[in-house]
Ligand SMILES: [Zn+2]
């Protein structure tokens with residue numbers, strides 16, 4: 018295990034909400050990047066990295082992965098990089114500069130460079146820190162996530178699938194004491210909406226667990242949270258209601274930590290080796306590109322999301338000459354012996370994927386993570402694409418097509434076959 022604080026040390030442009038008008042104003046909780054190195058006895062360890070960040074794009078994770086391969090011989094399929102998707106953290110990588118805040122380009126560039134450095138170092142520390150351990154797996158439940166696609170005027174009639182499972186991987190010392198716990202949940206870290214740096218409910222849950230188990234490290238892995246919000250939440254400015262935001266985020270953290278702790282006290286199943294790993298990028302196609310003139314017309318749309326996406330697509334045309342016709346979506350599978358199957362998907366994956374993959378591979382021992390390796394866009398299911406709405410709007414090349422779900426599920430299956438015991 019290793020962990021490092023990645024709390025910004027200066028006021029920085031925050032990630033997550035497009036409507037923000039100024040950089041961060043102070044720190045409420047620290048943010049961390051954590052690494053867990055696992056060696057099944059073959060001398061070829063694998064490393065899981067978690068981070069209290071909105072999500073890292075490929076440009077950043079490639080930077081980390083290439084250095085880890087060069088310095089530690091850690092190949093790409095043996096490194097997973099997950100983000101909690103906190104909306105109260107800093108921006109990383111490239112971002113659109115707001116007029117009046119040009120100086121933020123340099124602040125974000127400096128933060129990103131330091132982040133890559135810290136991530137590589139922390140992976141190295143985890144690799145040097147390995148000592149004998151046994152692994153156990155179990156799952157709890159937590160009812161924080163609500164399918165947020167119903168939370169808009171006129172959409173309460175939509176179906177509302179959620180994934181309330183709380184997968185828990187315990188890493189125990191030979192004497193049985195807890196050294197680390199990795200836990201997951203499928204819900205946006207969007208309880209808060211202010212200008213203070215905060216790891217949101219996942220941060221409070223990790224902190225609570227590290228208090229219950231002094232000396233142990235708690236790592237949060239975000240699941241298929243694309244269409245789930247913690248509800249209720251309060252992000253307005255009414256003084257009489259403001260107290261809710263901090264009360265709710267603390268409470269959600271406690272609920273999740275309680276679920277993990279109850280799972281740790283119940284009967285857990287042993288997780289065995291060997292650990293087999295596979296990683297691939299699969300091309301998911303965009304729908305036919307809109308013309309430049311059409312995108313320029315969208316800049317006047319009343320919907321700020323449509324305007325923001327049009328701005329982003331015009332920037333892509335400016336930088337690359339044209340819009341891409343597909344996106345290389347990273348898909349990764351870690352198979353632990355005949356026990357746990359850990360599926361790590363890229364992007365903001367909606368909940369249908371997690372439910373479908375667990376139904377296919379087994380509810381008891383399949384863990385579906387998302388926001389891994391490249392957080393490039395929402396990844397809609399066929400159902401969500403058909404319904405339309407926010408999570409169906411796509412990425413740099415516009416909306417994805419109806420075959421997206423089948424392409425990803427097929428690629429997962431190919432990697433599952435390749436890693437099967
Ligand atoms: Zn999101």
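Residue numbers (the working numbering): 18 to 438.
Ideal Cβ placement from N, Cα and C applies to all residues, glycine included.
Self-check item: residue 33 beta carbon near ligand 1 (any heavy atom closer than 8 Å)
Solution: yes
Quiz item: What are the partner residues of residue 406, as DSSP defines its beta bridges?
Solution: None, per the DSSP bridge assignment.
Quiz item: Do residue 102 and residue 34 have their CB atoms nearer than 9 Å?
Solution: no
Quiz item: Which residues count as close to ligand 1 when the rule is a CB under 6 Å from any of its heavy atoms, in chain order?
Solution: 102, 205, 365
Quiz item: Skipping 5 residues on each side, what residues in its chain have a beta carbon closer than 7 Å to that of residue 233?
Solution: 195, 196, 197, 198, 227
Self-check item: Proximity of residue 175 and residue 164 at Cβ, strictly below 9 Å
Solution: yes
Practice problem: For residue 265, collect the residues of the same chain with a Cβ closer than 8 Å to its Cβ; drop the 5 residues on either side in sequence, then sort them by chain order. | Solution: 208, 247, 249, 250, 251
Exercise. Using three-state DSSP, classify residue 147 as helix, strand or coil.
Key: coil
Exercise. Look at the alpha carbon of residue 372 and the alpha carbon of residue 180, and state the distance between them as a whole number of angstroms.
Key: 7 Å
Quiz item: With burial defined as no fewer than 16 other Cβ atoms inside 10 Å of the residue's Cβ, what is the status of residue 118: buried or exposed?
Solution: exposed
Quiz item: Where does residue 309 sit, in a helix, a strand or coil, going by DSSP?
Solution: helix
Self-check item: Residue ranges of each beta strand (DSSP E) within the region 132 to 189, 3 or longer
Solution: 151 to 158, 162 to 164, 182 to 189
Practice problem: Could you work out which residue in 68, 87, 98, 402 is closest to residue 350 when comparing CA atoms only? | Solution: 98
Practice problem: Report buried or exposed for residue 301, applying the criterion of at least 16 other Cβ atoms within 10 angstroms of its Cβ. | Solution: buried
Quiz item: So what does residue 235 bridge to, in DSSP terms?
Solution: 198
Quiz prompt | Beta-carbon contacts of residue 70 that lie in its chain and below 6 Å, excluding the five residues immediately before and after | solution = 100, 106
Quiz item: Where in the region 342 to 394 do unbroken runs of the alpha helix (DSSP H), each at least 4 residues long, occur, reported from the N-terminal end onward?
Solution: 368 to 378
Practice problem: For residue 376, verify whether its CB is less than 8 Å away from any heavy atom of ligand 2. | Solution: Summarising the ligand content, the structure contains ligand 1 and does not contain ligand 2.
Quiz item: Is the region 351 to 364 close to the region 208 to 220, with three or more CB pairs under 8 Å?
Solution: no
Quiz item: Which residues in the same chain as residue 25 place their Cβ atom closer than 7 Å to its Cβ, once the five residues preceding and following it in sequence are excluded?
Solution: 41, 107, 128, 214
Quiz item: Quick one: what does DSSP say residue 278 is sitting in, helix, strand or coil?
Solution: helix
Quiz item: Which value, in whole angstroms, describes the spacing of the CA atoms of residue 48 and residue 216?
Solution: 6 Å
Self-check item: Cβ neighbours of residue 55 in the same chain (closer than 7 Å, five flanking residues each side left out)
Solution: 62, 63, 292
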